[in-house]
Each structure stands twice: as C-alpha cells, then as structure tokens.
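Novice:
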Amino acid sequence: MSKYKEYKKLDFPAFEEEVLKNWQDNQVFEKSVSLREGQRSFVFYEGPPSANGMPGIHHVMSRAVKDMFCRYNTLKGFQVKRKAGWDTHGLPVEIQVEKTLGITKEDIGKKISVAEYNEACRKDVMKFTDVWNNLTQRMGYWVNLNDPYVTYDNNYIETLWNLLSRLFEKGLLYKGYTIQPYSPAAGTGLSSHELNQPGTYKDVKDSTAVAMFLLNDASALKPETERVYMLAWTTTPWTLPSNTALAVGANITYCLIKTIHPHTHELVSVVMAKDLVGKYFKPEQAELDFAAYQAGDKLLPYHISDEFKGEELKGLSYQQLLPFAQVENGDAFRVITGDFVTTEDGTGIVHIAPSFGADDFRVAKQNGIGSLTLVDKRGRFLDCVQDGVFLYGEEYVKEAYLTEDEKQKDLAIQKEKLSSVIKDTSKLNYLSVDERIILKLQTEGKLFKKEKYDHTYPHCWRTDKPILYYPLESWFIKTTAVKERMVELNKSINWKPEHTGTGRFGNWLENLVDWNLSRSRYWGTPLPVWRTADGSETRCIGSVNELQECIEAGKKAGFMPESFELKDLHKPFVDEVIFPSSKGEKMFREPDLIDVWFDSGAMPYAQWHYPFENKEIFEGNFPADFIAEGVDQTRGWFFTLHALSVMLFDQISYKNVIANGLVLDKNGQKMSKRLGNVVDPFATIAKYGADATRWYMISNSDPWDNLKFDIEGVAESQRKFFGTLYNTYGFFAIYANIDGFEFNPDKTTPLAQRTELDRWIYSKLQSLVKTVRQHMDDYDPTPAARAIEEFVCDHLSNWHVRLSRRRFWKGEMNEDKQAAYETLYECLLVVSQLMSPIAPFFSDWLYKNLNGKMESVHLTDLPEVIEAAIDTELEEQMDYAQRISSMVLSIRKKENIKVRQPLQKILIPLIDQRIKDEIVHVQNLILAEVNVKQLEFIDAIDKSIKPNFKVLGKKLGGKMKAGAALIQAMTQDQIVELESKGQLELQIEDEVFVIELGDVEILSKEIPGYKVANEGRLTVALDISLSEELRQEGIAREFISKLQALRKDSNLEVTDKIHILVGEHEYLKSSINQFKTYICTELLAASLEFASGKTLENTIDVDDNSIQVTIQKA
RNA sequence: AGUCUCGUAGCUCAGGUGGUUAGAGCGCUACACUGAUAAUGUAGAGGUCCGCAGUUCAAGUCUGCGCGGGACUACCA
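What follows is the structure, given as structure tokens:
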C-alpha cells in the first residue's frame, strides 16, 4: 500500500467533483466556520444577486474574489461567517413577469389584480435559485446558502421600515420635487429605463431665441452705455416665463460688447462668452463707425470694451424677462455659476428655469434660487400666463400636443389678438407658443436674435409626443445633509483600486444630490408613510407592531373592515390600511415603493432583522471587514451601504472593498446574448474545472481591470500551473513510495544540515509565504497568485526538482535523500495552503495526498513566515547559478555541443571578489547542471567600462552626454589606473571631474581564445576543446541515455535490475570498458557483456552508429 | 458632454522614487533534453512603449494637448 497516492493521469473536473462530495459529506465548510468559534471574526457581506436571471461567467469572477479573501482569513484564524442573500425586488422582475404573462403595465389592476401580479413576481424571482446554487457549489464558493436573507421577506421589510422611520425622525426623509422626464400626453413620469428605449430621441426643428436680460446695476462692469444686457440662448422659449436665474461658467471668459440694439437701435452693451462673439458678429462689423449707424442698417457696429471671467459676473441681478408671476420659494433673477455651462452653443450664458431642467433645478437649489412652474401637468401654461396679445393662458406649450382642428381654432384667435402688432394677419399661419414668445420679446425689445435649430429631443415611447422635464413629487432621503460626513468617512475606507474610491466614488459624493427613493411600481418594498389627504399630518411606521396598532385604531374608527388581517407587507395589502390621524382624519399610505437599492444597502441590518432580533449578532458583524462587487456598483450598492451607515450610525459599513472590473470576451467586447459571445460558466468549469478558471481569472490581471476572458487562457493555467504542480507531486509520490519515505513533522532534518539547494528552496518558500501574505493582506491577489506560480514552476519544479532528481532515484535511503524528500514535501504542503484560497479544490486534493494532519487544507492554519530561514545571500547565489548555467547552455547551443557531452572547464573573468565568493558556493550545482568538470576564475584581461548613468548623472548634470562618451572611450591603461587608485580625473569640456569607481561599471566582455557569453555584469567563457577522455565519457553517456529509453520502452519498473548484452562495435568498445561501472550504476545493470556473433533483439543509435543490444530483467 | 480608467511583442500581461541592450508567459521557427514526458531547456524572429508638444544631461516612466477602447453619470441652454 502506497503511502502517497499515485495517479496515471488527472481529470481535473472529475477530481473536483470528488473533493466537492467530500466537502459536502463531511460538512467541511461548516467546520471551517465552527472551528474558529470564539476567535476574532472577519466580517464579510454578500452583495445579493438577483435570482431571476441566469448567472454568467462574470459571477464566477466576482465570487472567486469574495471567496478567496474569506478563505484566506479563515486560514489566518478568523471566524468568517458568510450569509448568502437574494435581491428580489425591482423593475427587471416586473418586466420578466409581464413578458411571461403576456401583459403590460396597463393591464395591472384590470386583467390581473395587484395581488396576483405580485404573487407572480414573488414566484418568478426565485426561478433560477437552483441554477445559482449549483454554480455556487460547483465553483467552490463557500457561502451559507441554508439561511439566506431574502429582500421580500416580511422581516427584511420590517427592518427597512424601521430604518426609514429613524431617518424620518432625524428629518432626513421628506417629500419634494425633482425634475423628471414626464409625458403630459400619457400623464406619467418616465424612468430613465423607459427613456432609453430605442427611437425615443427624435430630430426636431425648434424655434430658438437669444433673449436679452437687462442688468439692474452693471456699474461693476464699467460699461460705456446706460443699459447692459446679458444674452442667453434657449431652444425652449416656452420656459422663459419660468426663468429665475442665468448661469455662467466660472472659468469661461466673457466680454462686454458695445453695440446697437437690433430692434430699438439705441446704444447698448451686451455680455456673452468671448469664444462665441464670432457667432453673432462678423469681423467687418468691428470696423464700423458707431456715429455713422443709421436705424435700420443691417450690420451693427460693435466694440469689445472689456473682458472678465464668469466668476466676476456672479451675483449680478437682472430684471425679470416676462413677469407673469413672482418667485416665492427663494431668491431670483441673479447670475449664478454652473459647472455645466459650455461655449459650444448659444452665448455661454444659460437661461435657468429650475422647473424644467435637471441641471437648472440642481444649480438653482445650490444657489438658493427659487422656481416658477408656469406649466401644468397636462403641458399647458397656467392661466396667469397671458397678456391678451401674444399669450392667452391655459394653452399647450408644445405644438405637438395639439390636433389640427385645435390649431385651426387657435389660429382664429391669434389672428384677432395679434392684429395690434401684425398689420396683415390674413396670411398668418398658426404660431406656436415658442414663436409667439419670440414675437413678444422682439416687440418688447428683449430679443437679440432668433433662429431655427435642429437637435434631438426625447419623446414618450408610448404616445410619440415630446416629453417635458417637469417637477414631480417624490420622497427623498436628504443625503446632502450628511455629504461632508460621507466624504470624510469615505477616506477611511480601503478602496481597491484606490482611484475608484477617490475618483469615481469620491466625485460622486462631492456632487451628491438627495436620494430619490420613490418608485411608482408594484413589486417592491412599500414606503411606510401614511398621510392625511391634505398632507398636514405625516406618519412613518417603524415596525409591524406599530402598524398593527394603527390597524386596530383604523378598525375602531370604522375606516377598515374588522376582518382585515395583514399578512404580507407588500402592495396591495398595506394600501388597505387606513387609520386616524391625531385629529381623527383618515391617513392613507403614500402609494410609492422605495428604490431597490435601499433594500440592498440595508442588508447589514435587515439580514439579521435588526433591531427586532439578533442585536448582538448585528453588532458583532458591523461594519464589514470586506466586500467586493463589480465597479458598476459604485453608485449602487457601495453607495447605499455607505449612505445608510453614515446616516444611521455615523460609521462606515465596510473597511475594505474591491471593485472588480467587467468580464469581456477575448476581443474586449462586452458579452451579450445579441453578439453570441457569452461564456457559459458551467461549460467552462465542466471542461477545465473551477480551479483553473479561478486561477486564470485571478492571475491574469488585477481584479479591478477588465478581464478579456479567453478560454485558451484557462487551458494554459491548467497546463502550466496545475500540470506542473501535479507532475511535481507525482514525482515526489513515485520515489517517496519506493523509498518508503514518510513525512514526520516532529523529526525533520535541521535546516543547517540540508544542502544549499534545499536551504535555497526553503528560503524561497519562506519568501513566498511572506509575499503572499503581504499581497493578500493588502487585498491584492494577482501578484500573490503570480508569485505562487513562479515559485512552483520556475523555482520548485524547474530548478530544485530538476537538479535534485538524481538525489531521489540514486541509491538507498540516506540522510541527503531524507532531507530532499522533506524539503520537497514541505514546499508542496505550504504551497497547498497558500494556493487554497484561490484554487480550493486542487489544494485540498494535494493536501490530502500529502496526508496533511487536518481533514482539509481549508481547516489548517496559514504558516507564519520563518524569517530565520530566509537567506537572501543564498538566493542571490542561486541566482548566479541559474544565470551562469543558462549562459553556458547558450554557448553549448551556439557551438552545437550537446549537454551530454562533458566539457572540461568554465572560466569566469572577475572584477569583483564578492561575486566570486557567491559563485563558489554554488559551483557544484552549475557544473552538474551544464555537465562541465571544473570552474575557474581568472583576472579580467580585456576590460570595458561603462558609465553608471544613475550615479554619474547627478554628478555631471548637463555634461552627462559628453562625459559618457569620454568614459566609454577610456583606454585599458586608464581603466587600470581608475581601478588601482579608485579614482581618475577626467576633463569634460571645460571642467575637470573626479571619476570614482562607483560612477562606472567595469566588466570583461572578451576572453581571448574562448567562447563567451555576457549578461549584465557577468561574463562566462567555456572551454570547448575535447580531450579523448571527455569524448569517451560522452559516448558512455549517450549509450546510457539510449538504454534508458529502451528500459522504459520495455516497460521495466524504475527499480528493476537488468542484464545487458551489447553487440561488438568499435565506436563503443573503449568507452564501455572505461566507464563500465558508471554505466552499470546508472542503468541498474547487474551485468554488462559484449556478445559477439549473437543476434540481439534491439538496435539503438549511438552518434549515428547502429548498435545491437538486448536487455533482460535480472 | 463630464468624471474615472486603460493603451508596452501576434495574444495576455510585468515594468517602486525618471538612468542607456524595455521583460515574462503563450503562440511561431529551429535545435536539444528524455528515469517528471499531455512536461522541460536553449536560441531565433517579433517593439515608432497610441500620437504630438513640453520639462530634463536623460522620458515607457513626469506635465499638457490630442487619438482610440472601456465604465459610469448626464442628456443639456
């Protein structure tokens, strides 16, 4: 019975299934948590996925990241509980259900009741839970699926209500306005989702106007004229009556222009952005003489009298342009600055109507500017917007809202009313509100210019009519009230990558607006706010009990039927709750639902049904040590978590966060069903296994960079990293079993007694532990994975094992062999631990094959770094060994001398004694590796010199170029002088510098008569002359090699002894005689005889000579 | 349009504080190795380090302006 299991070949997906089964049968995940009971906890929050869509390959990515740090910290001794969660509310669920049922939103309440509809949503949303759970398990993502939080649970909702009521009590929940896309024709607000439907943006031709706003006191601008106007352009003249401010760009340059008023012909000054002057004035106009101007002349003379930044215009007040109503909710008619102002269109001065533009609204609010909303929800002017001539009140502001008939009727009215300003109204066509406002401005001397303008404008996808931006009532959370605090606390969060925290997230916080919570939908958490019809009394319910009391009061007051029982906190049931206010009036629920982002942002509290239950659990699990999601969650989950914890607890809710990038296809295209480039995670895992997939994803690029997912890369990870590691283990197992080696941790060979090669790899191993710990502690997994890979492939497999092979297969068990096994075993075991967070399956497979003492690698303690074992000097020495070997092999290659042919001597010319000491330590390794007999050091003869730019640059500065040339041109004598004296005077141009040894690098590039190779400061020469003895040994080696192949072809065990019969051949004769013992040892041959005359079974080829040979098992 | 980010070999990626032969792996070609063999070594081909300007003795690296890809936000007078 073998101690270490041997494998013929490894089927990755298949053994992963076995490992998985073992985890499940033995509850390894549960143990990994319970084992750490009483230890410090590492808190992780699971961002809930929505179970109504299929998981994609990007979920493997984000979950690999999550899993990795949870596992890693478990290894470090923390207890890491991971509660799974499901995001269950929201529009995508509704749309999915509507598709399935073949209904539209209008059918809700008609063809299907709200109760039935929501029931359908509840069922539909968990549709793919099985698929998700499968993926979770199969990819090795350890998360507790038995007790997940589900956002539609009554308990979950109750916590949300509690949080909302706390916000309400703090005065942070209020009802207010926001500017939203609104379709007057359909009578509804449109979500951004709806606005992004194809075809909503259409080209339209609008009448635009540049209006003239008269400044009240322009003396600060030192104008040369009495009147000074601000010029502002608009594509929606119908918003001008609602103008309350003008916005300029703080850093935009404006100018004051003296010119003639185009309609009143008086001398005036106007203000506009300097860059746009050319749009309104031609160069030749600047030449015109003001004195020569005659009323009616087409070309107006102008003159730029001054320039200033927008900042200087800030605060100026102006006369209301069209005074139909007064502003009551704030300041008005002032110049303010706005970051959105550009000089691409118009005049660089933006007319602000806060009710009809999101930017306008925001900038007005920031500056304390009030609003005018002179349009009603049907899209018509209020009654007050009339002057008896141009405007008549209660008329549609957009022509598109009228039918042809209505237009004709209006035309008749227009003909009559406009007769006072238009002489002949008989030919008049229907004039839109925009056109009549322009006409009015012109008549009143407030119009600078009018023109038609083509642009795109959003239309309602249902009615095809243009939308308006309109202020709608919504419930808000006053996040702006805690903005500073959020910015402050954000600085204590460790963001990976940092720029997402400081840049994207930081900027987002800086420009924060209040959080619009309202959603006019059906399937979601109902807003727990009840109000009286007149809005005079508002109540925010904070618990189910409280609501129950209200229900009782409602029943008592006769507002609700006695039979009413509240089982579900969703619509429509909560809407049926009506209860009395303090004055006995009916209170109704505000019909809105809340934003689903509130659901997920509240998960730290709601997952534990805090504060109704689990108070201690919550407190012990807040804030999170670590969360990770896609970067697209920056303004989603990352924000809502942060906002809620800051508002409710004045704390951060996560200390470390990884915002991972997208997973694109191999060409860098976003994966989409339409393009057919979606990668199926199940198929990938079925083919290559979860570990290779995970390893590829983590090692290929930093998690926060986008990953170009190439399935070939997964295959490569499997082949290269896992294949090499598997081979290394396989190699260990074969020989360990032959020698009956068994690792005993209590009785290992002291490090000091091991060979340099062993001490070297052990040192490398400790350095690796250190590196991996550092990177993982810093939430930087990619360098950790790459370091492990480099250790396994380059150092362990390709150097330590390769150079140690003979130690394993040669002779009986001895101390050196014992140490070799121990060293390799220790490396493999530690590697299994280090890699286990990333590759949980293979690592456990490896660990168990090595008979680790725990049940699973995931239950072990991560090894501490043994600093004392790190020998940087030795690592440096080995580096020399590797470089020198590589150089020798490269010379062999160039000279076409195969490695099997022994050579006599390596020569290394030396400048620096220290390097010699380093190399001497490892010279035997080098000689064995490159098959050379001896290594000698010689004094460099032909020296060359090179400036050390970094050092010399500081010394020479501007004379560097000339100096470098002079140094490189130094003679041998000069170099020798510099070496012996340690310094040398050198005249560079007109100055003399003292060059010291540290300023230059002296090296030897050539050795007369030898073949050399150079790399950096090292030069290696190889003596390629062949003595007869060397030649004979080469032949012996060639013979051994061919016979080894034959042994193998004959299916002999590596331990089998053999008898060899060789046909007589001149080429071999003397070599075999000379090296008989050596040959026999190498081939495990009991005998080696010449057999002349007999017919032998096999023919081998030794240096182009056909040799007859037979081998027999002894 | 704004904010952030990326742009180095055919592909995927490394390249602290600026320093002179710009690296690795994969792929390709050739050779070697063969008691780990679905591995391994060596060599070769392959680079305007996205472009332009600037700072500097010296720029892949720092600054500015562009170009191109991506993400997010906004949809604008």
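Residue numbers for the first sequence follow the working numbering, so the first one is 260 and each next one is one higher.
Glycine included, each C-beta is placed from N, C-alpha and C at the ideal position.
Comparing C-alpha positions only, which one of VAL1279, CYS1052, LYS1220 sits nearest to TYR1139?
Specialist: The sequence position of residue 1139 within the first sequence is 880, counting from 1. Checking every option, the nearest Cα to that of TYR1139 belongs to VAL1279.
Novice: Run through DSSP, which three-state label would TRP401 get?
Specialist: In the first sequence, residue 401 corresponds to position 142, counting from 1. Of the three classes helix, strand and coil, the one that applies to TRP401 here is coil, per DSSP.
Novice: State the DSSP-derived secondary structure class of PHE897, mapped to helix, strand or coil.
Specialist: Sequence index remark: in the first sequence, residue 897 carries index 638 (1-based). In this structure, PHE897 counts as helix in the three-state DSSP scheme.
Novice: Can you tell me which of the three DSSP states SER931 falls into?
Specialist: Locating residue 931 in the first sequence gives position 672, where the first residue counts as 1. Coil, per DSSP.
Novice: Flag this pair as yes or no: are the beta carbons of ILE1097 and ILE1283 separated by less than 8 Å?
Specialist: Residue mapping note: residue 1097 aligns to position 838 of the first sequence, counting from 1. Residue mapping note: residue 1283 aligns to position 1024 of the first sequence, counting from 1. No; because the gap between Cβ atoms is not below 8 Å, this pair is not in contact.
Novice: Measuring CA to CA, which of GLU543, SER630, GLN553 is closest to ALA584?
Specialist: Position 325 of the first sequence, counting from 1, holds the residue named residue 584. Looking at the Cα atoms, SER630 is the closest of the given residues.
Novice: For GLN673, count neighbouring Cβ atoms within 10 angstroms of its own Cβ and tell me buried if that reaches 16, exposed if not.
Specialist: Locating residue 673 in the first sequence gives position 414, where the first residue counts as 1. When all chains shown are included, GLN673 counts as buried.
Novice: Does DSSP put LYS1213 in a helix, in a strand, or in coil?
Specialist: Residue mapping note: residue 1213 aligns to position 954 of the first sequence, counting from 1. Note: LYS1213 maps to helix in three-state DSSP.
Novice: Starting from PHE387 and walking both ways along the beta strand (DSSP E), at which residues does that stretch end?
Specialist: Residue 387 sits at position 128 when you count from the first residue of the first sequence. Here PHE387 belongs to no beta strand (DSSP E), and DSSP marks it neither H nor E.
Novice: So the beta strand (DSSP E) CYS514 belongs to, where does it begin and stop?
Specialist: As a working note, residue 514 is residue 255 in the first sequence. Residues 512-519.
Novice: Can you name the residues that DSSP bridges to ARG778?
Specialist: By one-based count along the first sequence, residue 778 stands at place 519. According to DSSP, which records beta bridges pairwise, ARG778 is partnered with LEU852.
Novice: Using DSSP's beta-bridge definition, name the partner residues of HIS1318.
Specialist: For the purposes of this step, residue 1318 is identified with residue 1059 of the first sequence, where counting begins at 1. Answer is SER1346, GLN1371.
Novice: Just to check my reading of the structure: LEU1162 and ILE1197 have Cβ atoms closer than 8 Å, yes? What is that Cβ distance to the nearest angstrom?
Specialist: The sequence position of residue 1162 within the first sequence is 903, counting from 1. The sequence position of residue 1197 within the first sequence is 938, counting from 1. About 17 Å separates the two Cβ atoms, so there is no contact after all.
Novice: Alpha carbon to alpha carbon, what distance is there between PRO496 and THR655?
Specialist: As a position in the first sequence, residue 655 is number 396, starting the count at 1. As a position in the first sequence, residue 496 is number 237, starting the count at 1. Checking the displayed sequence, the identity of residue 655 turns out to be Tyr instead of Thr. Computed Cα separation, rounded: 13 Å.
Novice: Drop a sphere of 10 angstroms on the beta-carbon of ASP793, count the other beta-carbons inside from all chains shown, and report buried for 16 or more, exposed for fewer.
Specialist: Within the first sequence, residue 793 is the residue found at index 534, counting from 1. So ASP793 counts as exposed.
Novice: At the level of alpha carbons, what is the spacing between VAL1361 and TYR266?
Specialist: Along the first sequence, one-based indexing puts residue 1361 at 1102. Along the first sequence, one-based indexing puts residue 266 at 7. Roughly 34 Å separates the two Cα atoms.
Novice: If I measure Cβ to Cβ from THR388 and keep anything under 7 Å in the same chain, skipping five residues before and after, which residues do I get?
Specialist: Counting from one through the first sequence, the residue named residue 388 turns up at place 129. For THR388, where only same-chain residues beyond five positions count, the Cβ hits under 7 Å are ALA310.
Novice: Measuring CB atoms only, is the region 547-559 touching the region 464-475, in the sense that at least three cross pairs come out at less than 8 Å?
Specialist: The region 547-559 vs the region 464-475: no contact.
Novice: Taking only runs of the alpha helix (DSSP H) that begin and end inside the region 496-580, which ones reach a length of at least 4 residues, in chain order?
Specialist: DSSP runs (the alpha helix (DSSP H)) wholly in the region 496-580: 536-539, 542-546, 569-572.
Novice: If you compare alpha carbons, which of ALA445, ASN688, HIS348, ILE681 is closest to TYR660?
Specialist: For the purposes of this step, residue 660 is identified with residue 401 of the first sequence, where counting begins at 1. When only C-alpha atoms are compared, the closest one is ALA445.
Novice: Measure the Cβ-Cβ separation of ILE911 and LEU748 and say whether it is below 8 Å.
Specialist: Here residue 911 corresponds to residue number 652 of the first sequence, with the count starting at 1. Here residue 748 corresponds to residue number 489 of the first sequence, with the count starting at 1. Yes, these two residues count as a Cβ contact at 8 Å.
Novice: For LEU1088 and LYS979, I'd like the C-alpha separation in whole angstroms.
Specialist: Working through the first sequence from its first residue, we reach residue 1088 at position 829. Working through the first sequence from its first residue, we reach residue 979 at position 720. So the alpha carbons of these two residues sit roughly 19 Å apart.
Novice: Between LEU806 and the rest of its own chain, which residues show a CB-CB distance below 6 Å, the 5 nearest in sequence each way excluded?
Specialist: If you number the first sequence from 1, residue 806 lands on position 547. If we look at LEU806 and ignore the five residues flanking it on each side, its Cβ neighbours are ILE800.
Novice: So the alpha helix (DSSP H) ASP998 belongs to, where does it begin and stop?
Specialist: For the purposes of this step, residue 998 is taken as the residue at position 739 of the first sequence. ASP998 -> alpha helix (DSSP H) spans 982-998.
Novice: LEU825 by DSSP, collapsed to three states: which one?
Specialist: Stepping through the first sequence from its first residue, residue 825 is reached at position 566. It is coil, neither helix nor strand.
Novice: Taking 7 Å as the limit between beta carbons, can you name the residues of its chain near LEU404, skipping five residues before and five after?
Specialist: In the first sequence, the residue the question calls residue 404 occupies position 145. If we look at LEU404 and ignore the five residues flanking it on each side, its Cβ neighbours are ALA343, ASN392, THR395.
Novice: What are the start and end residues of the alpha helix (DSSP H) that includes GLY972?
Specialist: One-based indexing of the first sequence puts residue 972 at position 713. That run of the alpha helix (DSSP H) goes 970-976.
Novice: I need the straight-line Cα distance from ASN936 to ASN766, nearest angstrom please.
Specialist: Translated into positions along the first sequence, residue 936 becomes position 677. Translated into positions along the first sequence, residue 766 becomes position 507. Approximately 34 Å, taken between the alpha carbons.
Novice: Report yes or no: do three or more beta-carbon pairs, one from the region 1120-1138 and one from the region 1013-1027, lie closer than 8 Å?
Specialist: A contact exists between the region 1120-1138 and the region 1013-1027.
Novice: Are the CB atoms of GLU417 and SER859 nearer to each other than 8 Å?
Specialist: For the purposes of this step, residue 417 is identified with residue 158 of the first sequence, where counting begins at 1. For the purposes of this step, residue 859 is identified with residue 600 of the first sequence, where counting begins at 1. Not a contact, by the Cβ cut-off of 8 Å.
Novice: Straight-line CA distance for HIS1117 to TYR955?
Specialist: Taking the first residue of the first sequence as 1, we reach residue 1117 at position 858. Taking the first residue of the first sequence as 1, we reach residue 955 at position 696. If I take the Cα positions, the gap works out to 21 Å.
Novice: Relative to the alpha-carbon of ALA951, which residue among PRO1099, LEU852, VAL402 has its alpha-carbon at the smallest distance?
Specialist: To locate residue 951, count along the first sequence from 1; it is residue 692. Selected option, being the one with the closest Cα: PRO1099.
Novice: So, for ALA740: in the same chain, excluding its five sequence neighbours on each side, which residues have a beta-carbon less than 7 Å away from its beta-carbon?
Specialist: Looking up residue 740 in the first sequence gives position 481. Counting only Cβ-Cβ distances below 7 Å, and skipping sequence neighbours, we find LEU431.
Novice: By the DSSP assignment, the alpha helix (DSSP H) with PHE620 in it spans what residues?
Specialist: Start at 1 with the first residue of the first sequence, and residue 620 comes out as number 361. 617-625 is the span of the alpha helix (DSSP H), which, as asked, contains PHE620.
Novice: Give the straight-line distance between the Cα atoms of GLN1141 and LYS1023, rounded to the nearest whole angstrom.
Specialist: Along the first sequence, one-based indexing puts residue 1141 at 882. Along the first sequence, one-based indexing puts residue 1023 at 764. Computed Cα separation, rounded: 14 Å.
Novice: With 16 as the cutoff for other CB atoms within 10 Å, does GLY1275 come out buried or exposed?
Specialist: Taking the first residue of the first sequence as 1, we reach residue 1275 at position 1016. By the neighbour-count rule (16 or more Cβ atoms within 10 Å), GLY1275 is not buried but exposed.
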